Structures are given as structure tokens and as C-alpha cells.
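If you count by my numbering, then the sequence shown holds residues 1 to 208, one letter each, in order.
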Amino acid sequence: MKLLALISGGIDSPVAAYIMDKAGAEIALLHMDNRPFADDISIEKVKSLAERLRSVTGSPLPLYSTPHGISQEKISKTCDRNYQCVLCKRTMLRCAQETAGRLGFGGIVMGDSLGQVASQTLKNLRYVSTGLKVPVVRPLIGFDKIEIEAIAKEIRTYEISIIHSNGCSIVPSKPITEADMKKMKGFDESSDLDRLATDAADHTVRLS
């Protein structure tokens, strides 16, 4: 079981990667580089998180990075502002699918926890995965934040994840929680999400 785990500088995604590694999966890590809508600290945090996960699991966990800022900018110019986050996640998954195929991995790992943020409502999770040809594994889907933080503290990724960075500067003030599927299809076309994902995957590099 070879899985590509999306990893941000946050608390949840490193825990998701850890759980699937312990479940016996061969894991590689993929960071979606959100610059210029994030600062350089986010990259350093991800590198540190990868090192910590390697230490605690004993697994190689290669770390890759894909540019995502260009996709974010295109989405912001072609879609309704409140749909930014859900389209961001949809594009990330499309890019992860493309990258997983190129690396020989059969699925994607996400750190989603049901209802924790706007893009993680049941309806939005259904939308972001629609049309994918590989499975998306969400090991934290039924965990609450306290449970996730407890694992992060146990494996000592928590102190890295909470290092201050500027976060995503393109997040809308009122992100959509119940995406309209018909409307989303139009946004897929206007943003050409498949092309964005493929172009981003073409520029994936290994960081460590």
C-alpha cells in the first residue's frame, strides 16, 4: 500500500501521515507550496515535520513540494470569492493524484477531520473528491481536535506545527460550507482545474 500524504505546516496532516505509516503503508509526503500567499516559514516547518516523522517512524518518508500559489491566484480571478478554499482543496487533490501516479503511489492521505473547518463539511468533502481516480484516505475523519493534538504531542510534531507563520493570506472572510455541485462544475471549467493540477505536478521537486 503506497500512499502520498499531503502535508502542511499544521497539526493534523503530520498526524494523518504518522497513523497511516504505523498502519503499514509506504508513505511519501507532498507539500503544496502556497507562496506568495504564505511565508517562507511554512516551508521550513514542513521540512522539520518531515524530519520528526522520519525519526518517530523509522521510515524514509521522502518529501516533495509542488507550487500551488499560481493555482490559488487563478482560482481567485475566475471563481466566486467564498469558493476559494474548497476549490483550493479540489485542485490540491487533483495535483496529488497526478503526482501520485507519476511516483507509483495508489492513493492520497489527507488530514481532514469532519466539520473542523469550512472545507471539511460532509458536502464539501464529497465535492473535492468527486472525479478522482484514486482513493482518498482520511484517518482523522472522526477525531476531534483534542484527540489529534494529543497524538501530535505524543510524537512531538505539535511543537513544530504551532510555530508562528503568517498562514494563508488568500482565505476568504466567509468561506462556503455547502458548495453547490452545479456551480462548482462551472468553476472547474472556468479555472481549468485539470490543467492547473497538471502544470503544478510538472514542477514538483523533492525537498528531502
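Using N, Cα and C, we set each Cβ at its ideal position, and we do this for glycine too. All values reported here derive from a predicted model rather than from experimental measurement.
In whole angstroms, what is the alpha-carbon distance linking GLY107 and MET1? Just so you know, the alpha carbons of GLY107 and MET1 end up roughly 8 Å apart.
Buried or exposed, going by whether 16 or more other CB atoms sit within 10 Å of the CB of LEU122? With a 10 Å radius around the Cβ and a threshold of 16 neighbouring Cβ atoms, LEU122 comes out exposed.
Excluding sequence positions up to five away, which residues of its chain have a Cβ less than 8 Å from the Cβ of ARG81? Counting only Cβ-Cβ distances below 8 Å, and skipping sequence neighbours, we find PRO172.
Residue range of the beta strand (DSSP E) that ALA28 falls in? For ALA28, the enclosing beta strand (DSSP E) starts and ends at 26-33.
What are the partner residues of ARG206, as DSSP defines its beta bridges? Looking at the DSSP assignment, ARG206 forms a beta bridge with TYR64.
Which residue from ILE7, LEU30, LEU61 and LYS47 puts its Cα closest to that of LYS22? Ranking ILE7, LEU30, LEU61 and LYS47 by CA distance to the CA of LYS22 puts LEU61 first.
Compare the Cα-Cα distances from GLY167 to each of VAL205, ARG138, ARG54 and GLY10 and report the closest residue. It is GLY10 whose Cα lies nearest to the Cα of GLY167.
C-alpha gap between LEU140 and ARG126, whole angstroms: Each residue's Cα considered, the two are about 16 Å apart.
Roughly how many angstroms lie between the CA atoms of GLU98 and LYS153, to the nearest whole one? One C-alpha to the other measures close to 32 Å.
Can you tell me where the beta strand (DSSP E) holding GLY107 begins and where it ends? Start and end: 107-109.
Are the beta-carbon atoms of LEU193 and ARG90 separated by less than 8 Å? Between LEU193 and ARG90, the C-beta spacing is below 8 Å.
For the region 44-64 against the region 18-34, are there 3 or more C-beta pairs whose distance is under 8 Å? Taking a contact to require three or more Cβ pairs closer than 8 Å, the region 44-64 and the region 18-34 qualify as touching.
With DSSP as the reference, please indicate the residues paired to GLU136 in a beta bridge. Note that residue 136 is Val in the sequence shown, not Glu. Answer by DSSP bridge pairing, in chain order: ILE108.
For ILE163, count the other beta carbons within 10 Å of its own beta carbon; 16 or more makes it buried, fewer makes it exposed. Which is it? By the 16-neighbour rule on beta-carbons within 10 angstroms, ILE163 is exposed.
Measure the beta-carbon distance from ARG54 to ARG156 and round it to whole angstroms, keeping in mind my assumption that it falls under 8 Å. The beta carbons of ARG54 and ARG156 sit about 12 Å from each other, so the pair does not count as a contact at 8 Å.
Output yes or no for whether 8 Å exceeds the beta carbon distance between MET32 and MET92. Yes, they are a contact pair.
In chain order, what residues of the same chain have a beta carbon less than 7 Å from the beta carbon of LEU132, not counting five sequence neighbours either side? Non-local C-beta neighbours of LEU132 in its own chain, meaning closer than 7 Å and more than five positions away in sequence, comprise LEU93 and GLN97, ordered along the chain.
Would you please verify whether the beta carbon of ILE108 is less than 8 Å from any beta carbon of chain D? Here chain D cannot be found, since the structure has a single protein chain.
Return yes when the Cβ of VAL86 is within less than 8 Å of the Cβ of ALA197, no when it is not. No, the pair does not count as a contact, with Cβ atoms beyond the cut-off.
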